[in-house]
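The structure appears right after this line, and notes come after that.
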Amino acid sequence: MEDIIVCEGLNKYYSGVHALKDLSLKIKKDSVVGLIGDNGAGKSTLIKILSGAHQPDSGHIYFEGNKVKFKSTKEAMNLGIETIYQYSALIPEMSIARNIFIGREQTQYNVGNFGLMKTKTMQDDAMKALTDVELHLRSPDTPVNQLSGGERQGVVIARAMYFKSKVLILDEPTNHLSVKETNKVLRFVEGLKSQGVTSIFITHNLSHVYPIADHLCVMARGEKIADLDKKDTTIDHLTDLLVNG
Amino acid sequence: MSKNFSLRSLLVRPEVATFLMFLAIMIGFYIANERFLDSRNIRIVMGITPEYIIVAIGIAILMISGEFDLSVGSVFALVPMTIVQMVHQGIPPWFAIFLGLMIGIIVGFVNGFITLRFGIPSFIATLGMLYIARSLTTVATAGFPPPFPHILPNELFVYQFELFRASLYWALLVAVVLGVMLHRSNVGNWIYATGGDQNAASSMGIKTGNVKMFCFILCGFLAGFAGMIQTFRLEAPLPSQGYLLELESIAAAVIGGVSLFGGIGTVFGAVIGAILIRFLESGIIMARIDAEWFRAGLGSLIIIAVVFNTYISRRATRIGQNKAKD
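The listed protein sequences derive, respectively, from chains R and B.
Mapping of the first sequence onto the numbering used here: residues 476 to 720, in sequence order.
Mapping of the second sequence onto the numbering used here: residues 31 to 356, in sequence order.
Here's what the structure looks like:
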């Protein structure tokens, strides 16, 4: 299977700290990749670079075979790389429909980049997007702060699906969620594969990602210390790597 | 059932609560003195209110984006003072108005630039601007308030019709245009997102700095425009004009349901808030209560409004979460 993202020799320094050391990584299309590592292992740095939030000091990124350089998250999003942060991806006071279309509103009577929102279309499409990820909520006008943690992740995933993302980067999507809600999120992510979406699932909780991952990548101290297909490894082996580096 | 819920969700909207509070105050003062609601009093109150409405809308939108502007009272004085002085210097009236309004825009830009570039609280940046702009106004009067040049087209902005002044229609125009912008346009969505959670908004590709800058500039422009209307109405440019207006307009916004933390509020709420304050002031006088009680009344109103809104929004969240479990 072809690789959708290839990283070569990525390095990143934060005021003298070598946060990412010569990292190379290949991510296969339509797979779920588990990116695991303890706090400070460099996971966040890597995803910030992949999502365009930060730029690497050296190294290259290839997306669908083309060399890319993201100057902003918007550029990465335009290519189809969408990042979902733990809690910060939704505006609590805003409605589900408005949240789904933040920054990508459907507008009419446009003047340049500005226009009036097609509220009805946005509401209908929001409901459809939610149904597509098997999330059944009452109304697209419900403010997000009235949803449970798992439902919120569902909304974020629905949003990424609606905008035809090719790669979904999920940063600790199951943090602070109850077991029931965690399972809900894992089901959402598992469903992505069949819809042609590659996901990178970042977590420090191996037991969350192991059941749904095809491939696992372990990081420690800014380096990649293991990069394995699930069939070539076991949960015990990975635990050992995580604990002992 | 669903009808029941929509009534409930209407009642928990903060600006609706403000509107009910407004009705209660109007009825209360009407009982105290029937002449409170006769056309003469309404003409007086609505003659001065539009200026406050315009400033309150600017403040409300800026607060929704998550920032403050304490300099509006000073800009409210600086802009008309410069317009008048420029006309005295021989600059054509319309060009002087244009340049004067540009000053409001520039002050807004400087407020935004200092806040965003240096990452300091807008509270501080605009507090500095409050003093600077007031000082400039006093300097511009050159020691003595200049006479009002009657070649200025002030009738266009403040002409007294039967009941209302032209300024009320200007204020309504501002309210409708900016209401549509805030509630119906994509820019409005960005403003709510920026004030609601700046990190989330920028991770969705919104240029939050630009959004805030736009709101700062809009606020400065509206403060200057409103100040110009007041000077045109009084036909006297006073360096003390707009004194304490910054706090009163924040009060109007807050009473109208705008959150101090950003992300929540409506244009309608700010309009009602501004009208409420002016009628409160008038009502206290009409009820033959010592006018000094106005500030106490306003203070109580602010506290009641915020406590009430906090209570209501917590309750609304709880209703929603219980519903979600059903």
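Backbone N, C-alpha and C define an ideal beta-carbon position, used for all residues, glycine too.
Counting every other CB atom within 10 Å of its CB across the protein chains shown gives D227/B a total of 16 or more, marking it as buried. Not a single C-beta of chain B is nearer than 8 Å to the C-beta of M694/R.
Considering only beta carbons, the part of the region 221-251 of chain B lying closer than 8 Å to chain R consists of Y222, A223, G226, D227, N229, A230, A231, S232, S233, M234, G235, I236, in chain order.
The closest CA to that of N588/R, considering only R43/B, L310/B, F309/B, N216/B, is found on N216/B. Annotation: P615/R has no Cβ neighbours in chain B at a cutoff of 8 Å; minimum Cβ distance is about 14 Å. D704/R is bridged by DSSP to H690/R. Around the beta-carbon of T156/B, 16 or more other beta-carbon atoms lie within 10 Å, marking it buried.
Taking S533/R as the centre and dropping the five residues before and after it, the same chain places the C-beta of G484, L485, N486 closer than 8 Å to its C-beta, in chain order. Collapsing the DSSP output to three states places G158/B in a helix. G509/R is bridged by DSSP to F676/R, L691/R. Per the C-alpha coordinates, the member of P110/B, F246/B, Y341/B positioned closest to I144/B is F246/B.
Under a criterion of Cβ atoms nearer than 8 Å, the residues of chain B adjacent to I566/R are, in order, Y222, A223, G226, D227, A230, A231, G293. For Y489/R, no chain B residue has a Cβ inside 7 Å of its Cβ, as the nearest lies near 18 Å away.
Among the CB atoms of chain R, none fall inside 8 Å of the CB of S165/B. When DSSP states are grouped into helix, strand and coil, D478/R belongs to the strand group. Here V140/B is buried: its Cβ has 16 or more other Cβ atoms, across all protein chains shown, within 10 Å. The region 628-643 of chain R and the region 554-561 of chain R touch, with three or more beta-carbon pairs separated by less than 8 Å. Rounded to the nearest whole angstrom, the C-alpha separation of L667/R and L129/B is 57 Å.
In this structure, the CA atom of V75/B is about 45 Å from the CA atom of M234/B. Rounded to whole angstroms, Y488/R and K542/R show a C-alpha spacing of 22 Å. Taking the Cβ atoms as the reference, I575/R lies roughly 5 Å from R634/R, within the contact range of under 8 Å. In this structure T48/B is not in contact with I333/B, their Cβ atoms being roughly 14 Å apart against a cut-off of 8 Å. Out of A335/B, F324/B, I78/B, the CA that lies nearest to the CA of A196/B is found in I78/B. Looking at the backbone, the Cα of I302/B and that of T673/R are separated by about 50 Å.
Membership of A321/B in any alpha helix (DSSP H) is not indicated, and neither H nor E is assigned to it by DSSP. No residue range can be given for G293/B, since it is assigned to no beta strand (DSSP E) and is classified by DSSP as neither H nor E.
For the set T649/R, D646/R, A572/R, E580/R, the Cα lying nearest the Cα of S614/R is the one of A572/R. Taken through DSSP and simplified to helix, strand or coil, A494/R comes out as strand. Taken through DSSP and simplified to helix, strand or coil, K542/R comes out as strand.
Using a Cβ-Cβ cut-off of 8 Å, T673/R does not count as an interface residue toward chain B, since no Cβ of chain B sits closer than that to its own. Using a C-beta cut-off of 8 Å, the region 292-299 of chain B makes no contact with the region 102-116 of chain B, since fewer than three inter-stretch Cβ pairs fall below that distance. In the three-state reduction of the DSSP assignment, N514/R falls in the coil class.
With respect to chain R, the C-beta atom of R214/B has a partner C-beta closer than 8 Å. Judged by DSSP in its simplified three-state form, Q530/R adopts coil rather than helix or strand. In the three-state DSSP reduction, R73/B falls in the helix class (H, G or I). Using a Cβ-Cβ cut-off of 8 Å, Y637/R does not count as an interface residue toward chain B, since no Cβ of chain B sits closer than that to its own.
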